[in-house]
Every structure is written in structure tokens, then in C-alpha cells.
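Student: At position 73 of the sequence shown (counting the first as 1) the number is 82 in this note's numbering, and the numbers step up by one without a gap.
Handing you this structure, nothing more for now.
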Amino acid sequence: MKLVVGLGNPGPEYVWSRHNAGWIALDGILQRLGAGKPKLRFEASFWEGLPYEGERCSFLKPLTYMNRSGLSVREAVRYFDLPPSSVLVVYDDVSLPFGKIRLREQGSAGGQKGMVSILGALGTLEVPRLRIGIGEPPPQNAPEGPKRELAPWVLGTFGRRERDLWDPLLDRCHEAFRLWLTLGFPQAMSRVNDPAFCNLPATP
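Pasting the structure below:
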């Protein structure tokens with residue numbers, strides 16, 4: 010079984026927040042798979058055992074708020090006795106421009122608090138992930154020089170132009186998920202991380 014985890018925060022005020030890019034992407038994948046309503050398990054919205062491309066795929070949206078996502082993921086991983094290599098975490102990344110996506114097989118969380126929680130809860134850096142670019146915040150003037158405030162940026166909402174680009178971006182996220190299932194990580198990463206794979210128009 011494969012477990013795909015989308016990171017975000019519950020509540021209507023966060024629906025279109027940049028920090029909820031993982032939830033938005035997971036919803037798009039589930040819609041394309043024709044998934045029904047989730048169950049409430051593992052402190053999360055949970056879809057179990059959907060057949061796709063010869064695999065049984067389960068999907069998890071932790072309801073613990075971002076910074077405690079690892080509690081939910083650890084509970085599901087232990088219950089199904091899954092190796093970390095069978096988990097794919099989908100989340101926002103400020104280090105990538107909006108509309109760019111990257112597959113990565115392992116490594117640090119890059120400061121993303123939900124991923125920090127998951128890596129700590131599972132006790133390993135070897136957790137595959139699909140990172141969705143949300144771009145960096147604009148620099149703000151400060152006495153010590155320009156600085157970037159991350160919290161207001163990631164909790165802020167996508168602009169209208171960005172929302173208009175989410176449909177083609179969701180197609181690319183779904184295709185990245187499919188390639189992960191069918192090709193294995195090295196080949197899927199080579200395809201998905203090619204700049205031409207997700208080449209959306211630039212946002213202002």
C-alpha cells in the first residue's frame with residue numbers, strides 16, 4: 010500500500026492559504042480518482058485503499074494543524090506497518106516559485122514545520138515528498154535591512170491569478186503522483202524535476 014499525505018490547516022479561513030497547497034493538491038488528485046467521502050481516522054480525513062495503477066493507495070489529510078502533522082502520519086504508518094519509502098508527503102515550499110513542483114526522495118524539511126513534525130515523528134529523513142512552490146514573500150523594510158516575513162505570507166491566500174493557474178497545476182501534481190507509482194523514484198524524479206514538466210505562465 011502507498012500512503013499519500015497532504016499537509017494543511019483545517020478551517021474555512023485556510024482553504025486558499027498558501028500553506029494549504031498540500032491539501033489543495035491532494036483534493037485535486039482525489040477528484041481525478043473519483044474518490045468518495047473520507048473517514049475520520051488517525052486524527053485526519055482518510056481515504057483507504059483506492060486502486061490505481063496496480064497499487065492500493067490511501068490518502069491522509071491531518072486535522073492536527075500543520076505543526077503537529079507528524080502525530081497523525083506516525084499513527085497511520087504504524088497501523089499499516091508501512092516503510093517510509095511507501096509514503097509521499099505533499100506540501101508547500103517557499104523556496105520554489107509558484108507553480109513549480111519537485112519530487113525528492115529524502116532530506117531535511119527545509120524549515121517547513123509540517124515536514125519537520127513528520128520527520129521527527131517517523132525518526133528518519135528518508136521520507137519521499139512532492140514540494141509545491143508558493144514563492145517567497147516580498148522583502149519588508151526593517152532597521153537592520155530588508156527581511157522576509159514567512160508566517161503572514163504562508164498563511165495568506167493565493168491571489169486571483171494564482172488561483173486561475175491551479176487547474177493545470179493540479180494536472181501536473183496528479184501526473185507526478187502517477188509517475189511515482191509507476192516508474193519508481195529515480196525515473197519519476199528525473200521526469201518531474203525537468204523544468205519543462207510544469208511550465209506554467211509566470212505570475213506577476
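For every residue, glycine included, the Cβ atom is placed at its ideal position computed from N, Cα and C.
At which residue ranges does the stretch 68-151 contain complete alpha helix (DSSP H) runs of 4 or more residues, listed in the order of the chain?
Tutor: 78-89, 122-131
Student: I need the boundaries of the alpha helix (DSSP H) containing Pro-195, first residue and last residue.
Tutor: For this step, residue 195 is matched to residue 186 along the sequence shown. Annotation for Pro-195: the continuous alpha helix (DSSP H) segment containing it runs 194-201.
Student: Do you know how far the Cα of Gly-43 is from the Cα of Ser-26?
Tutor: Taking the first residue of the sequence shown as position 1, residue 26 is located at position 17. Taking the first residue of the sequence shown as position 1, residue 43 is located at position 34. Distance between the alpha carbons of Ser-26 and Gly-43 is about 24 angstroms.
Student: I'd like to check one pair, Phe-68 with Leu-39: are the Cβ atoms closer than 8 angstroms?
Tutor: Sequence index remark: in the sequence shown, residue 39 carries index 30 (1-based). Sequence index remark: in the sequence shown, residue 68 carries index 59 (1-based). Contact: yes.
Student: What residues in its chain sit with their C-beta under 6 angstroms from that of Gln-7, if we drop five residues either side in the sequence?
Tutor: Since the first and last residues shown for the chain are 10 and 213, residue 7 lies out of range.
Student: What is the DSSP secondary structure of Ala-44, counted as helix, strand or coil?
Tutor: Translated into the one-based positions of the sequence shown, residue 44 becomes position 35. Of the three classes helix, strand and coil, the one that applies to Ala-44 here is coil, per DSSP.
Student: Is the beta carbon of Ala-130 less than 8 angstroms from the beta carbon of Leu-80?
Tutor: Counted from its first residue, the sequence shown places residue 130 at position 121. Counted from its first residue, the sequence shown places residue 80 at position 71. Leu-80 sits close to Ala-130, with the two beta carbons spaced by under 8 angstroms.
Student: Return the Cβ separation of Val-98 and Val-86 in integer angstroms, given the expectation that the two are a contact with Cβ distance under 8 angstroms.
Tutor: Within the sequence shown, the letter at position 89 stands for residue 98. Within the sequence shown, the letter at position 77 stands for residue 86. Actually they do not touch by this definition, with Cβ atoms about 11 angstroms apart.
Student: Which first and last residues belong to the alpha helix (DSSP H) in which Glu-171 is found?
Tutor: For the purposes of this step, residue 171 is taken as residue 162 along the sequence shown, with counting starting at 1. Looking at the DSSP string, the run of the alpha helix (DSSP H) that includes Glu-171 is 169-173.
Student: What whole-angstrom Cβ distance do Leu-105 and Gly-165 have, given they're in contact under 8 angstroms?
Tutor: By 1-based counting over the sequence shown, the position of residue 105 is 96. By 1-based counting over the sequence shown, the position of residue 165 is 156. The pair is not a contact, with the Cβ atoms about 17 angstroms apart (cut-off 8 angstroms).
Student: How far does the beta strand (DSSP E) with Trp-56 in it reach, from first residue to last?
Tutor: Within the sequence shown, numbered from 1, the residue matching residue 56 stands at position 47. From DSSP, the beta strand (DSSP E) with Trp-56 extends over 53-61.
Student: Please return the same chain residues whose Cβ sits closer than 7 angstroms to the Cβ of Glu-158, not counting the five positions on each side in sequence.
Tutor: Walking along the sequence shown from the start, residue 158 turns up at place 149. Excluding sequence neighbours, Glu-158 sits near Pro-146, Gln-149.
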